[in-house]
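The block underneath contains the structure these notes are about, expressed in structure tokens.
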Amino acid sequence: MISLSSFMIIGAGLFCTGIFIVLSKRNAIQILIGIELMLNAAILNMVAFGKYDRFNNGGQMFALFAIVLAAATTAVALAIILNVYRRYKTIDPGKVDKLRD
Amino acid sequence: MSLIQILFYLLGFITLASAIFVAVTKNLVRSIFMFFITLFALAGLYVLALADFVAITQIVIYVGGILVLILFAFMLSGKETLTALQEQRKQFVSANKMVSFILAVLFFAVLVIMITRIGADNLAWVKNAVSNKNDITPNVNMTDNIGINLMTRYLLPFEVVSILLMIALIGAAHLSRKERVQ
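Protein sequences, first through last, are from chains A and B. Every letter in the first sequence is one number past the one before it in the numbering used here, and letter 77, counting from 1, is 692. Every letter in the second sequence is one number past the one before it in the numbering used here, and letter 126, counting from 1, is 1326.
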């Protein structure tokens, strides 16, 4: 069977790609994609370890919860991005620097 | 090398390659569709980790829901995004990108060193699970077990997550509605 370490290394690669996207991109949608990649790396680790929990299903269950929470996060984040675009006419996080109107 | 290992390395390669393509490409729509491929390959990896229900959920929710949402947001904020990308194209390697690349590579090195040193396959509880027959084998059906656990052991997190999902969707609908002219 496949070892846990190879799953973890693929997860680490995904996580670091996500970090690179979050740090380097100047577009809120791409940053959101980076965050999704990092979440998916975490879910991959949970699923890989969840293989050794057959009766309680801890890993797979919390992977499901994490997927649902990622969906909720994305919906709210995209609504915020659309609002920011409507107000500032840009979605570059570096240019959105005012809290007030 | 068995077939399952070949499949694993193939899917892992597709996952990482498409994720890196998402990171380096200049074309936003192309990067979104490559993200789609990353998610599909990840679902394949979940199947290889014997979590078929999670894999199906991944395809249904991520590919069916989140990706369509991201595409919608891109379409609704399209023109400004494209001009921002063209500005980015002028400077090929900026200092910001270099710093984040170095940070990501260093973090990857730290993670790989940690993974090789921890030896996840020889952990005590993993060995314990294998000897107690608590590990998932390819011939058992896990979906009904997941359903039973969801309604008994994990009932409280399930209800909490459902309420949170409802709050988030109402909030998103409220945020994205048009402001009324006073």
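Glycine included, C-beta positions come from ideal geometry on N, C-alpha and C.
In this structure, Q645/A sits away from V1254/B, with a CB-CB distance that is not shorter than 7 Å. Between the alpha carbons of A1217/B and K1333/B lies a gap of roughly 36 Å.
For F1208/B, the chain A residues whose Cβ falls inside 8 Å of its Cβ are I617, S621, in order along the chain. Secondary structure of F670/A (DSSP, three-state): coil. With contact defined as three or more Cβ pairs closer than 8 Å, the stretch 621-637 of chain A and the stretch 1297-1315 of chain B are in contact.
Annotation for M661/A: the continuous alpha helix (DSSP H) segment containing it runs 643-665. Using a Cβ-Cβ cut-off of 7 Å, I644/A counts as an interface residue toward chain B, since at least one Cβ of chain B sits closer than that to its own. Neighbours of N1334/B in chain A, taken as residues whose beta carbon is under 8 Å from its own, are Y667, D668, R669, F670 in chain order. Residue contact check for V691/A against chain B: a CB pair falls below 7 Å.
Chain B has no Cβ within less than 7 Å of the Cβ of A657/A. The way I'd put it, the stretch 681-688 of chain A does touch the stretch 1353-1373 of chain B; three or more beta-carbon pairs between them come closer than 8 Å. Secondary structure note for T1215/B: its alpha helix (DSSP H) is the uninterrupted segment 1203-1224. Interface criterion not met: the Cβ of M653/A is under 7 Å from no Cβ in chain B. Under the 7 Å criterion on CB atoms, S1300/B is classed as interfacial with respect to chain A. Look at I1315/B here: in three-state DSSP terms it is helix. Where I1363/B is concerned, the enclosing alpha helix (DSSP H) starts and stops at 1355-1375. Its chain contains L1248 as the residues whose beta carbon lies nearer than 7 Å to that of I1204/B, once the 5 sequence neighbours on both sides are disregarded; these appear in chain order. The contact set of G1265/B on chain A, defined by CB atoms closer than 7 Å, consists of A686 in chain order. When DSSP states are grouped into helix, strand and coil, N1349/B belongs to the helix group. In the three-state DSSP reduction, K1297/B falls in the helix class (H, G or I). T1337/B carries a coil assignment under DSSP once its states are collapsed to helix, strand and coil. Of all C-beta pairs linking the stretch 665-674 of chain A to the stretch 1321-1338 of chain B, three or more are shorter than 8 Å, placing the two stretches in contact.
The beta carbons of L1242/B and T1215/B sit about 6 Å from each other, so the pair counts as a contact at 8 Å. Straight through space, the alpha carbons of L1239/B and L1207/B are spaced by roughly 16 Å. Taking a Cβ-Cβ threshold of 7 Å, none of the residues of chain B is close to V711/A; the smallest such distance is about 12 Å.
DSSP places A685/A within a helical segment (H, G or I) once states are collapsed to three. Not one beta carbon of chain B lies nearer than 7 Å to the beta carbon of A681/A. At a cut-off of 7 Å, the C-beta of S1331/B has no neighbouring C-beta in chain A. No Cβ-Cβ contact shorter than 7 Å links A681/A with L647/A.
L638/A has a beta carbon lying within less than 7 Å of a beta carbon in chain B.
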